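Working notes for the structure below.
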Amino acid sequence: MSADTLFITIPTGVGVGINVKVLENFATHVALALGWQPNREGSVIGYPIG
850 MSADTLFITI
860 PTGVGVGINV
870 KVLENFATHV
880 ALALGWQPNR
890 EGSVIGYPIG
């Protein structure tokens with residue numbers, strides 16, 4: 850079983866600095882362990898809406 854979406858809950862009342870740290874820690878530790886690779890090729894073009 851696999852998934853293509855992962856939701857991260859970001860606390861709203863703790864300030865920007867802590868939220869940035871949560872995302873940095875996720876990208877540095879968890880995402881890499883899940884096989885995620887950062888985009889190094891420029892802007893991402895998503896799917897059309899609708």
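Numbering-wise, my numbering puts 858 at position 9 of the sequence shown, and it's gapless, one number per residue. Backbone N, C-alpha and C fix where the C-beta goes; we use that ideal spot for every residue, glycine too. Keep in mind that this is a model prediction, so the values were computed, not measured.
**OP:** Measure the alpha-carbon distance for Asn874 versus Ser851 and round it to whole angstroms.
**Re:** 23 Å
Original post:
In whole angstroms, what separates the C-alpha of Gly864 from that of Lys870?
Top reply: 10 Å
Original post:
Taking the alpha carbon of Phe856 as the point to measure from, which residue in Ser892, Ala876, Gly862, Tyr896 has its own alpha carbon closest?
Top reply: Of Ser892, Ala876, Gly862, Tyr896, the residue nearest in Cα terms is Ala876.
Subject >> Best match in Val893, Trp885, Ile898, Pro860 for proximity to Thr854 [C-alpha to C-alpha] >> reply: Trp885
Original post:
Alpha carbon to alpha carbon, how far is Leu883 from Gly891?
Top reply: 22 Å
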